[in-house]
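Enquirer: Per my numbering, the sequence shown starts with residue 18, numbered consecutively. Glycine residues also receive a C-beta, built at the ideal position from the N, C-alpha and C atoms. To start, I am sharing the structure in question, which I have written as structure tokens.
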Amino acid sequence: MPAKTQPCATGLGELSFRTPAGRGRSDAVRQFDGGQALNATDFTWPEGSAPRIETRRLALDLLPPAALHAIAEGRLAEASRLTGCDLAGFPDTERNIAAIRFKDLAADPAYLPWSLRLMRLKPELCFVGYFNFHTRPDPVYLRDLAPGAVEFGYFVVPDFRRRGLAEETARGMMDWAAGAHGIDRFVISVSPDNAPSVAMARKLGFARIGGHMDDVDGYEDILSLMRSGSISQAGLPP
């Protein structure tokens, strides 16, 4: 498996918890939230979904289901209109993450606050990457290894790497999970060849608790962080 050059983390949950076998995309659309269509443009954010979380340099904007659907199908102009963010540069190689999260929402609408968020750099609020928790906290696949935890992954656009944006995003989202939901344990899965992500994980205090073979990315170390309960101030806006 060639070494990754981008600061990104995928992880254990990336290929799990999908829409049940045999149910196509149109069925998932019809069954979302008791019949609410995922491609509806008049989507109303449920209470507590935190559509925008801010850090010092970033706005972390939750993608509505319609935007996930549009990105997954390559309709980036529509996704840009739905989000108010120019997504023309959303990489084709990363569109599958939107399809996965779209199906996750169809299977579990309560997953929404943990789903895919755009990383938008202030003050222009341009698209520089994305962040997502793979599931809601305490999924079955983590209970033996890291009970009560939630796993996350991220991607940074090449032109914006090595600026600390992934670290700031991770800190901000972990702070949100701790403050809003009382979550104090987090997991990431990183290839040992992915030097930027390994360095970031080490800086954040993650430690190896295991390893697994990812179907796409090859061998990955499983890293966990147990936070003390104090909320970091490093990434918060002044």
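Whose CA, out of 61, 230, 167, 241, lies closest to the CA of residue 222?
Expert: Your numbering for residue 222 matches position 205 in the sequence shown. Cα-wise, what sits closest to residue 222 is 241.
Enquirer: Kindly provide the ranges of any beta strand (DSSP E) runs that are 3 or more residues long and lie completely inside the region 190 to 250, ordered along the chain.
Expert: 202 to 207, 224 to 231, 235 to 243
Enquirer: Looking at residue 226 and residue 205, is the spacing between their C-beta atoms short of 8 Å?
Expert: The sequence position of residue 205 within the sequence shown is 188, counting from 1. The sequence position of residue 226 within the sequence shown is 209, counting from 1. With respect to the 8 Å criterion, residue 205 and residue 226 are not classified as neighbours on the basis of their beta carbons.
Enquirer: By alpha-carbon positions, which one of 136, 80, 185, 143 ends up nearest to residue 118?
Expert: Numbered from its first residue, the sequence shown carries residue 118 at position 101. Distance from the Cα of residue 118 is smallest, within the candidate group 136, 80, 185, 143, for 80.
Enquirer: Using the Cβ count rule (16 or more neighbours within 10 Å means buried), how would you classify residue 100?
Expert: Along the sequence shown, one-based indexing puts residue 100 at 83. Buried: at least 16 other Cβ atoms inside 10 Å.
Enquirer: If I measure Cβ to Cβ from residue 139 and keep anything under 7 Å in the same chain, skipping five residues before and after, which residues do I get?
Expert: Numbered from 1 along the sequence shown, position 122 holds the residue referred to as residue 139. Result list for residue 139: 74, 75, 76, in chain order.
Enquirer: Write down the C-beta distance between residue 103 and residue 144 rounded to the nearest angstrom, noting that I regard them as a contact closer than 8 Å.
Expert: To locate residue 103, count along the sequence shown from 1; it is residue 86. To locate residue 144, count along the sequence shown from 1; it is residue 127. Sure, about 6 Å apart at Cβ, within 8 Å.
Enquirer: Taking only the alpha-carbon atoms, compute the straight-line gap between residue 9 and residue 244 and give it to the nearest angstrom.
Expert: A query on residue 9 cannot be resolved here, the shown segment of the chain reaching from 18 to 255 and no further.
Enquirer: Could you spell out the range, first to last residue, of the alpha helix (DSSP H) harbouring residue 134?
Expert: The sequence position of residue 134 within the sequence shown is 117, counting from 1. Note, residue 134: premise wrong, no alpha helix (DSSP H); beta strand (DSSP E) at 134 to 138.
Enquirer: Distance check for residue 228 and residue 159, CA to CA, integer angstroms please.
Expert: In the sequence shown, counting from the first residue as 1, residue 159 sits at position 142. In the sequence shown, counting from the first residue as 1, residue 228 sits at position 211. The alpha-carbon atoms of residue 159 and residue 228 are separated by roughly 12 Å.
Enquirer: Compute the Euclidean distance between the alpha carbons of residue 136 and residue 184, then round it to the nearest angstrom.
Expert: As a position in the sequence shown, residue 136 is number 119, starting the count at 1. As a position in the sequence shown, residue 184 is number 167, starting the count at 1. Approximately 12 Å between the Cα atoms of the pair.
Enquirer: Start and end of the alpha helix (DSSP H) containing residue 119?
Expert: Residue 119 sits at position 102 when you count from the first residue of the sequence shown. Taken as a continuous stretch (DSSP letters only), the alpha helix (DSSP H) holding residue 119 covers 112 to 124.
Enquirer: I need the straight-line Cα distance from residue 188 to residue 171, nearest angstrom please.
Expert: As a working note, residue 188 is residue 171 in the sequence shown. As a working note, residue 171 is residue 154 in the sequence shown. For residue 188 and residue 171, the distance between alpha carbons rounds to 12 Å.
Enquirer: Considering only C-alpha positions, which residue in the set 88, 106, 161 is nearest to residue 133?
Expert: By one-based count along the sequence shown, residue 133 stands at place 116. Closest by alpha carbon: 88.
Enquirer: Excluding the 5 residues flanking residue 164 on each side, which residues of the same chain have their C-beta closer than 7 Å to its C-beta?
Expert: Residue numbering aside, residue 164 sits at position 147 when the sequence shown is read from its first letter. Within the same chain, Cβ atoms closer than 7 Å to the Cβ of residue 164 are found at 155, the five residues on either side in sequence being excluded.
Enquirer: For residue 120 and residue 235, what's the separation of their Cα atoms in angstroms?
Expert: Position 103 of the sequence shown, counted from the first residue, corresponds to residue 120. Position 218 of the sequence shown, counted from the first residue, corresponds to residue 235. So the two alpha carbons sit approximately 24 Å from each other.
Enquirer: Across which residues does DSSP place residue 73 in a beta bridge pair?
Expert: What you label residue 73 is simply residue 56 of the sequence shown in a count that begins at 1. None; residue 73 has no bridge partner.
Enquirer: Could you pull the start and end residues of the alpha helix (DSSP H) that residue 168 belongs to?
Expert: Walking along the sequence shown from the start, residue 168 turns up at place 151. Note, residue 168: premise wrong, no alpha helix (DSSP H); beta strand (DSSP E) at 167 to 173.
Enquirer: Going by the CB atoms, is the gap between residue 105 and residue 122 shorter than 8 Å?
Expert: The count along the sequence shown starts at 1 and reaches residue 122 at position 105. The count along the sequence shown starts at 1 and reaches residue 105 at position 88. The answer is no: Cβ separation not under 8 Å.
Enquirer: Taking the alpha-carbon of residue 66 as reference, which of 113, 91, 129, 180 has the nearest alpha-carbon?
Expert: The residue labelled residue 66 in the question sits at position 49 within the sequence shown. Nearest Cα to residue 66 within the set 113, 91, 129, 180: 129.
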